[in-house]
Amino acid sequence: AWYGHLKYKESPLWIAILASWGIAFVEYCFQVPANRIGHYEFTAAQLKTIQEVITLIVFCVFSVVYLKEELKWNYLVGFSMMIGAVFVVFKEW
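When we follow our numbering, the leftmost residue of the sequence shown carries the number 663, and every step to the right adds one.
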């Protein structure tokens, strides 16, 4: 769900929940058809892997630009290890 509410901690929790669900709904309106189309070419595990990689990239940009958090070296090392996981998932063995 949406992490933008972390910047507005003074807002009521119910507003954060509604905003998060609203954004998630719009995301799913794109994700569900994309997964149906993508499943003709990719397995479910591969589709989930693609989704997670995209999510991590967007989240890194979001946390640095919007939340003003630093991208620490250990995050980058961990994400690099995930690249190895992507290779394993997509490799034809």
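Idealized CB from N, CA, C, for every residue including glycine.
Asked	Found
The alpha helix (DSSP H) enclosing W755, as first and last residue numbers	Counting along the chain, W755 falls outside any alpha helix (DSSP H), and DSSP gives it neither H nor E.
Inter-residue Cα distance where the pair is W683 and V727	22 Å
DSSP state of P674 mapped onto helix, strand, coil	coil
Anticipated Cβ contact below 8 Å, I677 with W664, distance rounded	About 11 Å separates the two Cβ atoms, so there is no contact after all.
Span of the alpha helix (DSSP H) around L668	L668 -> no alpha helix (DSSP H), and no H or E assigned at all.
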